[in-house]
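Below you'll find the structure, written out as structure tokens, and then a few comments.
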Amino acid sequence: ADIDVFDVEIEPEDVDEFVNIVSAMEPTFGGINLEDIKAPECFEIESRLRDEMDIPVFHDDQHGTAIISGAALLNALDVVGKEMDEVRVTFAGAGAAATATARFYVSLGVRPDNIVMCDIDGVLTEERREAGELNAQNSEFARDVEADTLEEAMAGADVFVGLSAGGIVSQEMVASMADDPILFAMANPDPEIGYEEAKEARDDTVVMATGRSDYPNQVNNVLGFPFIFRGALDARATEINEEMKVAAAEALAELARKDVPDAVVKAYGDQPLQFGPDYVIPKPLDTRVLFEVSAAVARAAMESGVARQEIDLDTYRERLEARVGKSLEMLRVVLNKAQSDPKRVVLAEGDHEKMIRAAARMRTEGIAEPLLVGDRERIESVVAERGLDFSPSVVDPSADAMDEYAERLYKKRRRKGLTRREAAELVSTDPDYLASVMVDAGDADAMLTGLTHHYPPALRPPLQVIGTKPDANYAAGVYMLAFPDRVVFCADATVNRDPSADVLAEVAQHTADLARRFNVDPRVAFLSYSDFGSVDNEGTRKPRTAAQSLRSDPDVDFPVDGEMQADTAVVEDILTGTYEFSELDRPANVLVFPNLEAGNVAYKLLQRLGDAEAVGPMLVGMDEPVHVIQRGDEVNDIVNLAAVAVVDAQEE
């Protein structure tokens, strides 16, 4: 909405003037937000604006609370095992927010006659309605019940919804509610009853939500409106209808059931975030809300007939992801390719919690078929504890037969000093060797490892068992760094300590091939502290020779040059101005560093000081897809590298 009207009391005689003012301003704005116009005039104004003038009308304060708490209600009922059409709901508060929330709960399936509403004078009864004590806004919730007070109305209720004042609910009132009660105490800044007090009032399950950020289950409008409006505006909706609001609530509820990204967990002090009584709605900092809710709202707008523009929802989600960060936009290319033909990815550290969560996401999102190497009982226990909807495929070296893998490893390494007994011990005790042999034997298409140990020992088994491609002599580690306006691939940052010119040339070729998997046309620069021979010594000759070697290769079909300084490679004015003879007509997007030290230092500085999003390290040059993740990587990083590994396997 381009106009906000809030905290305004419009007298009946002023309605015509108000509507005329809006009419005179139309069509210079996209809608009007009647955040808190005092009833009953609000209803007449809304009707005339929407029905007579076809102007979108919003109520974000009222309906935001309804939608977010509605999402929480969907999940809370699932947690306590109750049905929407059977629960009794008591409201404290009978204003605009309360009535909007009650109506929305009816849209979700709550029976109207199971809703009892209270204001400062007690229960909204038929007797009070007939006496003229209720207004047009809340009279529809007048009930013929015996209860007169909030205390009496809460007795036996399944759900309490507070949109009134702080401190009006006691522990005794909570204790009088039905088994496993749900309390949404949303008065700000002080809820109707404190979080701890409500929890302490009962011995059974209490699902508690408030409007505060320092307790679980915060009902915050920021979870809804930016994304509801995003979907509505992109679909060019003529209004925000009930179907769109329900879609937003259902999308939020579904998101809360999914595994929570590690970045979100860290943002909230590493407190456990897992679907259950203390996590029935997502956190406001969860960036997935953008593409989950907006897409759901846009779909509902189209299905309900209020959209003026048809949207391809798959493409739309990708556009929304791109708003979150350049790396998501780039990764979507690889994720889509992976989903088109998922492959088997063996996870060497398969009984680590992060690996198990990542495996669940791979399966759910159709990226890969994960194979977990590890203790079967522990893996199944983590799946149960985390509430993952996932039946894992497990290879347990302590329980499953390993003889064939041991024999294969022995034949691979017997002329490298490995005995048959040592081979049997390695596949039974070292998951990296077992995973490597599985890939080599064709029982898996790709491999991930490295989460719990350093890079060199994690890399050694796949190098010994799988090795490099027939036309490759070296492997290398590549990072993709995503900035707001560009993407660069940095190599080598993990493997070759002091590469020769031949190694640099091969690494550049591998990295260019990797860039193309992300639909990036490679432009390669070999970096040094010299620009095109300005310094001539053994160190600067190495990248210069590598560049010359690739330029003279008729099979190389991408621009490449060097040696050059880093700013020459990435600043167009320097590259095309001072060095107009360069083979690069635009800044490089593949940066090849002269040695491991330079590559590792540079990519970390770029990532931290340049606020770049890093994806990697991606291992290139291997005969089969292998990626060694960083110690402590997040679940998202593991899933992304698995997608890269699947695309590698597809090309193989």
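One gets my numbering by counting positions in the sequence shown from 1 and adding 757 to each. All C-beta atoms in this analysis are idealised placements derived from N, C-alpha and C, irrespective of residue type, glycine included. Since we're looking at a predicted model, the values are computed, not measured.
*Out of Phe986, Lys1023, Glu953 and Phe1315, point me to the one whose CA is closest to Val1340's CA.*
Per the sequence shown, the amino acid found at residue 1340 is Glu instead of Val. Cα-wise, what sits closest to Glu1340 is Phe1315.
*Would a C-beta distance cut-off of 8 Å place Val1194 and Val1184 closer than the cut-off?*
yes
*Please name the residue or residues paired with Phe917 in a DSSP beta bridge.*
Thr847 and Leu940
*Option nearest Asp936 by Cα separation, candidates Pro948, Val916, Asn895 and Glu954*: Val916
*Does the Cβ of Gln1028 have 16 or more other Cβ atoms within 10 Å, making it buried, or fewer, making it exposed?*
exposed
*Cβ shell of Val1260 (< 7 Å), same chain only, five flanking positions each side left out*: Tyr1231 and Asn1253
_Length of the line joining the Cα atoms of Asp773 and Gln894_ = 20 Å
*Based on the DSSP secondary-structure assignment, which residues constitute the bridge partners of Ala1233?*
Val1377
_To the nearest angstrom, how far is the alpha carbon of Asp876 from that of Met965?_
21 Å
*asked:* I need the boundaries of the alpha helix (DSSP H) containing Gly1296, first residue and last residue.
replied: Glu1295 to Arg1308
*Whose CA, out of Arg1143, Gly919 and Ala1282, lies closest to the CA of Asn945?*
Gly919
*Does the stretch 1376-1393 come close enough to the stretch 1203-1219 that 3 or more CB-CB pairs lie under 8 Å?*
yes
*Using three-state DSSP, classify Asp1019 as helix, strand or coil.*
helix
*Between the stretch 1296-1315 and the stretch 1360-1380, do at least 3 Cβ pairs fall closer than 8 Å?*
no
*Note down the Cα distance separating Glu1075 from Phe848, rounded to an integer number of angstroms.*
40 Å
*Hey, Ala1417 and Pro1149: beta-carbon distance below 8 Å or not?*
Because the chain is modelled from 758 through 1409, residue 1417 falls outside the range shown and cannot be assessed.
_For His1211, count the other beta carbons within 10 Å of its own beta carbon; 16 or more makes it buried, fewer makes it exposed. Which is it?_
exposed
_Short Cβ contact (8 Å threshold) for Ala1203 with Ala1402_ = yes
*asked:* Can you check which of these residues, Leu1175, Asp1035, Leu1128 and Ser1306, is closest to Pro1154 by C-alpha distance?
replied: Leu1128
*Determine the direct distance from the alpha carbon of Arg1056 to that of Leu1362, and round the result to whole angstroms.*
42 Å
_Classify Leu1077: buried if its beta carbon has 16 or more other beta carbons within 10 angstroms, exposed otherwise._
buried
*Exposed or buried, Glu903, counting other C-beta atoms within 10 Å across all chains shown (16 or more means buried)?*
exposed
*Are Met1087 and Val1102 close, meaning C-beta to C-beta below 8 Å?*
no
_Opening and closing residue of the beta strand (DSSP E) in which Gly1319 lies_ = Val1317 to Met1321
*asked:* Out of Gln1266, Ser1285, Ala912 and Ala989, which one is the CA nearest neighbour of Asp1312?
replied: Gln1266
*Compare the C-alpha of Asp961 against each of Ala922, Val837, Leu980 and Asp842 and name the closest.*
Val837
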